[in-house]
Amino acid sequence: MRTIINTLTPKPGVSWRLLLVALSAFGLLAAACADEPRDSLGDGSLGTVEVAAGESIQIRSVYTNGGDLTLFGNSAERAIVFAVEDYGRIHGFAVNLGVGLDDMCSPEGGMITGSMVVAEGDVVGVVGTNCSAAAAHASPLITRAGMVLISPSNTAPSLTSDLAGNEGGSHFAGYYRTAHNDLIQGESVAHFLSGMGVRSAAVVHDGGPYTLGLATAFSDAFVEHGGAITGTWEVDREDEDLVPVLTEIAAGTPDALFFPIFWPTGRYLVEQAAEMPEFSDMVFSTADGLLNDNFLSLPQGEGTYVSGPDTRFGNNTNQTTGQSAPSLRARFEETAGGSPTGTFWGHAYDATVLLLDAISAASYVRSDNGALVVDRAGMREYLDNLSGFQGITGALSCDEFGDCGGAGVVIYEHLDSTDVDATRQNVVYEVGPDDR
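To convert, note that position 149 of the sequence shown is 168 in the numbering used here; the numbers rise steadily by one, no gaps.
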């Protein structure tokens with residue numbers, strides 16, 4: 020109290036009576052705070068959200084759930100719902116997901132959904148986005164409002180770091196992901212193709228953070244492995260005629276073509292290349308943007324090497340909910356009539372559980388009115404210190420820039436368009452999480 024009095028000694032003309040009233044109020048506040056449980060995380064520096072007794076904790080999910088990329092988001096959507104169901108109440112309070120928001124896999128979608136979440140005012144955290152392009156614009160809005168944004172499938176290095184201690188250009192504190200960093204994927208593809216004897220490669224991307232980031236990561240690593248890039252082409256995601264670009268690529272006679280792009284652009288590329296004899300002996304390689312049932316069902320896609328996260332989860336079990344990978348697959352069969360059509364369903368489940376765990380660790384029930392107080396800074400504190408969490412995707416640990424991924428990166432050889440599940444098991448190259 021002596022320190023407080025010295026600090027608050029009134030200036031000339033300021034009444035001691037007012038100071039004593041202030042000190043009295045401070046004492047009442049301190050006493051009230053002292054009555055509350057102090058075993059939850061957080062210092063209040065980012066504000067708190069108070070959920071009244073009988074009300075629900077508000078979280079939101081942002082994923083791609085419309086248009087050509089519906090398959091990219093619907094598996095994530097189901098996994099998020101499963102996780103909320105499995106987790107149950109937090110300190111007696113139900114969790115409300117609200118209506119899923121469509122990031123449209125675009126910068127515009129990121130800005131729109133980010134603004135919508137922030138405008139609600141009482142949301143404590145968000146699972147999303149699906150696409151890095153959306154995250155680059157949603158993340159600054161959501162995180163600057165004090166919330167946590169944790170993505171199951173963003174992989175652009177710019178969203179976290181260069182894995183050498185340098186912050187990415189689109190990184191914001193409060194952003195996390197359970198997916199891998201594409202610097203790992205780019206190096207994996209470069210190492211694999213070089214080992215096959217590929218000495219030159221052409222690269223195609225669409226200019227977005229994901230495709231450009233992965234194209235750059237691959238190109239840099241491929242050159243380090245002694246390879247040559249014959250050219251890099253940017254295509255418009257709305258362009259259906261890729262023959263002019265393919266003609267230019269063929270003129271450089273590369274051994275391989277690496278095209279980390281999305282559906283349906285990837286469809287047009289392989290269908291049109293199949294009509295050009297210059298590509299008959301060329302090695303085709305793509306990435307997780309096309310690791311979905313749509314692309315894998317194309318006959319023209321057969322023979323393509325497809326990189327992405329290792330989804331051979333075996334009997335991995337999420338340590339918080341007790342749910343295993345096989346039990347989740349069975350629920351997909353029951354509710355959707357088949358296996359997950361996207362790639363990052365396990366990552367979405369783990370991301371949701373981590374968000375709910377963070378809420379639990381950073382909240383307490385007030386003794387005076389029964390409200391739940393969620394400390395926003397405490398949620399980040401929990402995730403910042405996450406280490407060795409056992410999830411569906413493996414062991415998750417978050418670094419200082421929000422990279423938490425537990426799964427390794429693999430390369431699948433796509434052999435049979437009539438058996439998509441077989442391709443998802445046909446791993447020809449892998450990098451474990453401990454090899455990153």
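The beta-carbon is built from N, C-alpha and C at its ideal position, and this holds for glycine as well.
I need the boundaries of the beta strand (DSSP E) containing residue i, first residue and last residue.
i: Trp282; result: Taken as a continuous stretch (DSSP letters only), Trp282 belongs to no beta strand (DSSP E), as it is neither H nor E.
i: His244; result: Per DSSP, His244 belongs to no beta strand (DSSP E) and is neither H nor E.
i: Arg196; result: 194 to 196
i: Leu80; result: According to the sequence as given, residue 80 is Ser; it is not Leu. Here the beta strand (DSSP E) through Ser80 covers 76 to 82.
i: Phe191; result: Element bounds for Phe191: n/a, residue is neither H nor E.
i: Asp394; result: 391 to 394
i: His366; result: Careful: His366 lies outside any beta strand (DSSP E), inside the alpha helix (DSSP H) at 364 to 380.
i: Leu60; result: Premise fails: Leu60 is in no beta strand (DSSP E) and is neither H nor E.
i: Leu261; result: Looking at the DSSP string, Leu261 is not in any beta strand (DSSP E), and its letter there is neither H nor E.
i: Phe303; result: 302 to 305
i: Thr354; result: Run containing Thr354: none in the beta strand (DSSP E); it sits in the alpha helix (DSSP H), 344 to 355.
i: His456; result: A question about residue 456 goes unanswered here, because the residues of the chain that appear run from 20 up to 455.
i: Leu415; result: 413 to 415
i: Val429; result: 428 to 432
i: Glu69; result: 67 to 70
i: Val447; result: 446 to 450
Is residue i near the ligand ATP - that is, is its Cβ less than 7 Å away from at least one heavy atom of it?
i: Gly285; result: As far as ligands go, the structure on display features none, and thus does not contain the ligand ATP.
Is it right to say residue i is buried, meaning 16 or more other beta carbons lie within 10 angstroms of its own, or is it exposed?
i: Ser134; result: exposed
i: Glu206; result: buried
i: Gly327; result: buried
i: Glu96; result: buried
i: Ala441; result: exposed
i: Arg177; result: For the record, residue 177 in the displayed sequence is Ser; it is not Arg. Ser177 comes out buried.
i: Ala102; result: buried
i: Asp58; result: exposed
i: Asn185; result: exposed
i: Thr132; result: buried
i: Pro273; result: buried
i: Ala183; result: exposed
i: Val64; result: According to the sequence displayed, residue 64 carries Ser and not Val. Ser64 should be labelled exposed.
i: Ala198; result: buried
i: Asp369; result: buried
i: Val262; result: exposed
i: Ala72; result: exposed
i: Gly129; result: buried
i: Thr354; result: exposed
i: Leu434; result: exposed
i: Asp62; result: exposed
i: Pro462; result: The question about residue 462 has no answer here: the residues shown for the chain are numbered 20 through 455.
i: Asn404; result: exposed
i: Gln204; result: buried
i: Gln444; result: exposed
i: Ser125; result: buried
i: Asp258; result: exposed
i: Asn334; result: exposed
i: Ala164; result: buried
i: Val428; result: buried
i: Val118; result: exposed
i: Ser457; result: The structure shown does not extend to residue 457, since the chain is modelled only from 20 to 455, so the question has no answer here.
i: Ala292; result: buried
Within the continuous alpha helix (DSSP H) that includes residue i, where are the two ends?
i: Phe408; result: Unbroken run through Phe408 is the beta strand (DSSP E), 408 to 410; no alpha helix (DSSP H).
i: Ile203; result: 201 to 214
i: Ala441; result: 439 to 442
Give me the Cβ distance between residue i and residue j, rounded to the nearest whole Å; I'm assuming they're in contact under 8 Å.
i: Val447; j: Glu432; result: 5 Å
i: Leu60; j: Ala380; result: 5 Å
i: Ala426; j: Thr437; result: About 27 Å; that fails the 8 Å criterion.
i: Val114; j: Ser170; result: Their Cβ separation, rounded to whole angstroms, is 19 Å, which puts Val114 and Ser170 out of contact at 8 Å.
i: Val325; j: Leu212; result: Actually they do not touch by this definition, with Cβ atoms about 13 Å apart.
i: Ala306; j: Leu233; result: 6 Å
i: Arg218; j: Gly246; result: 6 Å
i: Val208; j: Phe277; result: 7 Å
i: Arg348; j: Gly66; result: That pair is no contact at about 40 Å.
i: Tyr229; j: Ala152; result: 6 Å
i: Asp141; j: Val254; result: Asp141 to Val254, Cβ: 42 Å. No contact.
i: Gly193; j: Thr174; result: With 8 Å as the limit, Gly193 and Thr174 do not qualify as a contact, their Cβ atoms being about 18 Å apart.
**Message:** I want to know whether the segment 379 to 392 touches the segment 98 to 110 - three or more CB-CB distances under 8 Å.
**Reply:** yes
**Item:** Contact the segment 264 to 274 vs the segment 225 to 239: 3+ CB pairs below 8 Å
**Value:** no
**Request:** Count the CB pairs spanning the segment 220 to 233 and the segment 341 to 353 that are closer than 8 Å, and state whether there are at least three.
**Result:** no
**Prompt:** Three or more beta-carbon pairs under 8 Å between the segment 135 to 151 and the segment 372 to 380, yes or no?
**Reply:** yes
**Request:** Please specify which runs of the alpha helix (DSSP H), each continuous and at least 4 residues long, are wholly inside the segment 308 to 337, giving them in chain order.
**Result:** 312 to 315
**Asked** Does the segment 273 to 292 come close enough to the segment 309 to 320 to have 3 or more Cβ pairs within less than 8 Å?
**Response** yes
**Asked** Residue ranges of each beta strand (DSSP E) run of no fewer than 3 residues wholly in the segment 126 to 197, ordered along the chain?
**Response** 142 to 146, 167 to 170, 194 to 196
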